[in-house]
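Scroll down for the structure; my scribbles are underneath it.
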Amino acid sequence: MKTLTQQDLADLSAKAACAPRLRAHHNLHEQLEDGIQRLAIAMEPDTYVRPHRHPGSPELLIVLNGALDWIEFDAAGETVVARHRLGEGGARVFEMAAGTWHSVVSLQPGTVVFEVKRGPYQPIPPADLAAWAPAEGDARVADMLAFLRGCQPGDRFA
Numbered sequence: 001m002k003t004l005t006q007q008d009l010a011d012l013s014a015k016a017a018c019a020p021r022l023r024a025h026h027n028l029h030e031q032l033e034d035g036i037q038r039l040a041i042a043m044e045p046d047t048y049v050r051p052h053r054h055p056g057s058p059e060l061l062i063v064l065n066g067a068l069d070w071i072e073f074d075a076a077g078e079t080v081v082a083r084h085r086l087g088e089g090g091a092r093v094f095e096m097a098a099g100t101w102h103s104v105v106s107l108q109p110g111t112v113v114f115e116v117k118r119g120p121y122q123p124i125p126p127a128d129l130a131a132w133a134p135a136e137g138d139a140r141v142a143d144m145l146a147f148l149r150g151c152q153p154g155d156r157f158a
C-alpha cells in the first residue's frame, strides 16, 4: 500500500524549497520503466517549467495543495491559446490530450500536483521542447517566467 499524507506533502515542499530547480518529486511507481508514471511534484513559485509536449501520452494532473496556472500553446507551440487555474480557485483535476504544448506556473509556496502519464519515463527530447523558450539556466529564464505569470490567449514570448 502506498499513501501520501499531509506530512509527506509538507516534507516534499520543504525539499523543493531547498532544491536548485525549486522542485521535488515523489514517485509512486516502482521503476522508471513502469508503463504508468505516478508521482507527486512539489513546485515553488520561481520554478521554471519550459513549455513542452508529450506526444505519446495524455497527462492527468491532480492538485493536492496550493495552486498553479496551466498554460496551453497552439499546435506550433508558440502562441498562448488557454490559461487554466488549478487548485485553490480552480479545478483540482485536469487532463490534457497527448501532444498538447503546455507549461505550468506555481502560484503559491507549498504547491504540490500529482501527475499520471504513460511510461516508461524518458527525458523530453529536444523536438518536444519549445525551441523559442529558453532552456533552464539560460539568462532569459527570468523574462520567460515573467511572461508565463502574466500571459493571456493570443500572447507570444518575444
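Per the UniProt record's numbering, the sequence shown starts with residue 1, numbered consecutively. Just so you know, even glycine gets a beta-carbon here, dropped at the ideal spot from N, CA and C.
Per DSSP, the unbroken alpha helix (DSSP H) holding LYS15 starts and ends at 6–18.
Fewer than three pairs of CB atoms, one per stretch, sit closer than 8 angstroms, so the segment 93–100 makes no contact with the segment 138–152.
Shown here, ASP69 sits in a strand according to DSSP, grouped into three states. A residue is called buried once 16 or more other Cβ atoms fall within 10 Å of its Cβ, and MET1, having fewer, is exposed.
Within the same chain, GLY87, GLN108, GLY110, THR111 come within 6 angstroms of GLY66 by CB-CB distance, once the 5 residues on both sides are set aside. Taken through DSSP and simplified to helix, strand or coil, PHE147 comes out as helix. In this structure, the CA atom of VAL81 is about 16 angstroms from the CA atom of ARG50. In the displayed model, VAL141 falls within a helix according to three-state DSSP. In the DSSP assignment, ILE124 falls outside any beta strand (DSSP E) and carries neither an H nor an E. Looking at the backbone, the Cα of HIS25 and that of SER13 are separated by about 9 angstroms.
Going by beta carbons, ALA17 and GLU44 fall inside the 8 angstroms limit. When ARG83, GLY90, ILE124 are compared, the shortest CA-CA separation from GLY56 is found for ILE124.
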